[in-house]
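Number of protein chains: 2
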Amino acid sequence: MDLVQIYECLCDRTRLRLLNLLVRGPLCVCHLQELLGEPQVKVSKHLGYLRKHGLVQVRREANWRIYHLVERPTRALKANLACLQDCAQDDDIFRRDLKALKALKANADGRTGTCCPSPARTLPTP
Amino acid sequence: MDLVQIYECLCDRTRLRLLNLLVRGPLCVCHLQELLGEPQVKVSKHLGYLRKHGLVQVRREANWRIYHLVERPTRALKANLACLQDCAQDDDIFRRDLKALKALKANADGRTGTCCPSPARTLPTP
DNA sequence: CATCCATATTCCGCCTCTGGAATATACCGC
DNA sequence: GCGGTATATTCCAGAGGCGGAATATGGATG
Chain D
267 MDLVQIYECL CDRTRLRLLN LLVRGPLCVC HLQELLGEPQ VKVSKHLGYL
317 RKHGLVQVRR EANWRIYHLV ERPTRALKAN LACLQDCAQD DDIFRRDLKA
367 LKALKANADG RTGTCCPSPA RTLPTP
Chain L
267 MDLVQIYECL CDRTRLRLLN LLVRGPLCVC HLQELLGEPQ VKVSKHLGYL
317 RKHGLVQVRR EANWRIYHLV ERPTRALKAN LACLQDCAQD DDIFRRDLKA
367 LKALKANADG RTGTCCPSPA RTLPTP
């Protein structure tokens, strides 16, 4: 994977938000959609973009698709994701996303949402 | 300056090569052009892009324009430039560029090139 | 099989980036 | 002022990203 392609993946806010969440662990599409508050097609397309370029992978789990970072990232990818995590601390949107993720995980049991079962129960980190 | 805009600046190979050189110190356009081996218009346009987005600055020096990184980069920019320097070590193109830069600086005095005087003599770091 | 749910894909219009050729600008030395 | 050198800008065509609406896929369930 080429350095330029990594940056091409990083130069869209939606994709940055997705990655910022996925570095914390795998998530299904519906949760990502809920966390970002973006329409399904948008989330799905950007996830497809990231997958096509080798930054994330999918696995099937019942009715859902669980996205997670590639298992063996390049040195360059690892470095840039670390950098992103660092920079994200300074930005409201990313902080809000992480907060929402925390809340989602806290509500893991006794969850009332209509979407897939909680990540805590069904989605152990790969 | 926004994180996304930083990545937009980084997602072109020519710009990455320029930045990889400029983190080592200021350079005039003709030297950059010579180091990259790219046509003038291409180098100039990408430098303009980087300037417009606040990653680099220019100053005039006799007949030449000396480009250098912004004096007070954002935390995010600093982090990403450091990351780029790190990642560039793994890539042939960037290594070759740095090698050529070293050679250029070594030839500073007694230089035979047709272009501007050596960076060592005329271009102290800002 | 019919249906529902989660997700992906296609289609379309808009906009931006990119590279190159040609041209313009701006300074220099004579 | 003139010619020359260094650099920027404009004009053009091709390529691709982006968002949204509509549609398709595919597993699960009754």
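Protein chains in written order, with the numbering used here: chain D, 267 to 392; chain L, 267 to 392.
Note that CB positions come from ideal geometry on N, CA and C, so glycine has one too.
The structure presented is a predicted model; accordingly, all values stated were derived computationally and were not measured.
Start-to-end residues for the alpha helix (DSSP H) that takes in residue i
{"i": "Val309(L)", "result": "306–318"}
{"i": "Gln323(D)", "result": "It is not in any alpha helix (DSSP H) - Gln323(D) instead sits in the beta strand (DSSP E) that spans 322–327."}
{"i": "Arg361(L)", "result": "358–372"}
{"i": "Leu283(L)", "result": "According to the sequence displayed, residue 283(L) carries Arg and not Leu. Residues 279–288."}
{"i": "Val295(D)", "result": "295–302"}
{"i": "Glu274(D)", "result": "269–276"}
Residue-chain proximity (residue i, chain L), Cβ-Cβ < 8 angstroms
{"i": "Val270(D)", "result": "yes"}
{"i": "Glu300(D)", "result": "no"}
{"i": "Asn346(D)", "result": "yes"}
{"i": "Leu276(D)", "result": "yes"}
{"i": "Arg279(D)", "result": "yes"}
{"i": "Tyr273(D)", "result": "yes"}
{"i": "Arg341(D)", "result": "yes"}
{"i": "Asp363(D)", "result": "no"}
{"i": "Thr391(D)", "result": "For Thr391(D), the predicted structure reports a pLDDT of 36, less than 50, and the residue's modelled location is therefore unreliable. A value from the coordinates is still provided. With 8 angstroms as the cut-off, Thr391(D) does not count as an interface residue toward chain L."}
{"i": "Thr388(D)", "result": "Note that Thr388(D) scores 42 on pLDDT, short of 50, meaning its location in the model is unreliable; the coordinates nonetheless yield the value given after this. Not an interface residue."}
Candidates the options: closest to residue i by CA position
{"i": "His334(D)", "options": "Pro305(D), Gln306(D), Leu298(D)", "result": "Leu298(D)"}
{"i": "Gln355(D)", "options": "Leu364(L), Glu300(L), Ala345(L)", "result": "Ala345(L)"}
{"i": "Lys371(D)", "options": "Leu284(D), Arg281(D), Pro292(D)", "result": "Pro292(D)"}
{"i": "Cys296(L)", "options": "Arg331(L), His312(L), Asn286(L)", "result": "Arg331(L)"}
{"i": "Met267(L)", "options": "Ala369(L), Pro339(L), Asn373(L), Gln306(L)", "result": "Pro339(L)"}
{"i": "Thr280(D)", "options": "Arg290(D), Gln271(D), Leu313(D), Leu343(D)", "result": "Leu313(D)"}
{"i": "Gly320(L)", "options": "Glu300(L), Gln351(L), Pro305(L), Ala342(L)", "result": "Ala342(L)"}
{"i": "Ala369(D)", "options": "Gln271(D), Gln306(D), Gln351(D), Glu300(D)", "result": "Glu300(D)"}
{"i": "Lys365(L)", "options": "Leu287(L), Asp278(L), Gln271(L)", "result": "Leu287(L)"}
{"i": "Gln351(D)", "options": "Val307(D), Leu285(D), Cys294(D)", "result": "Leu285(D)"}
Residue i vs residue j beta-carbon contact at 8 angstroms
{"i": "Cys349(D)", "j": "Leu269(L)", "result": "no"}
{"i": "Tyr273(D)", "j": "Leu276(L)", "result": "yes"}
{"i": "Val322(L)", "j": "Val309(L)", "result": "no"}
{"i": "Arg290(L)", "j": "Leu347(L)", "result": "no"}
{"i": "Arg317(L)", "j": "Leu302(L)", "result": "no"}
Residue-chain proximity (residue i, chain D), Cβ-Cβ < 8 angstroms
{"i": "Leu282(L)", "result": "yes"}
{"i": "Asn286(L)", "result": "no"}
{"i": "Asp356(L)", "result": "yes"}
{"i": "Cys349(L)", "result": "yes"}
{"i": "Cys353(L)", "result": "yes"}
{"i": "Arg290(L)", "result": "no"}
Residue interval of the beta strand (DSSP E) (run including residue i)
{"i": "Arg341(D)", "result": "It is not in any beta strand (DSSP E) - Arg341(D) instead sits in the alpha helix (DSSP H) that spans 341–354."}
{"i": "Arg331(D)", "result": "330–335"}
Distance cut-off 7 angstroms: residue i Cβ against heavy atoms of the ligand MN
{"i": "His319(L)", "result": "Although the ligand MN was asked about, the structure shown includes no ligands whatsoever."}
Does the stretch 356–375 of chain D come close enough to the stretch 323–341 of chain D to have 3 or more Cβ pairs within less than 8 angstroms?
no
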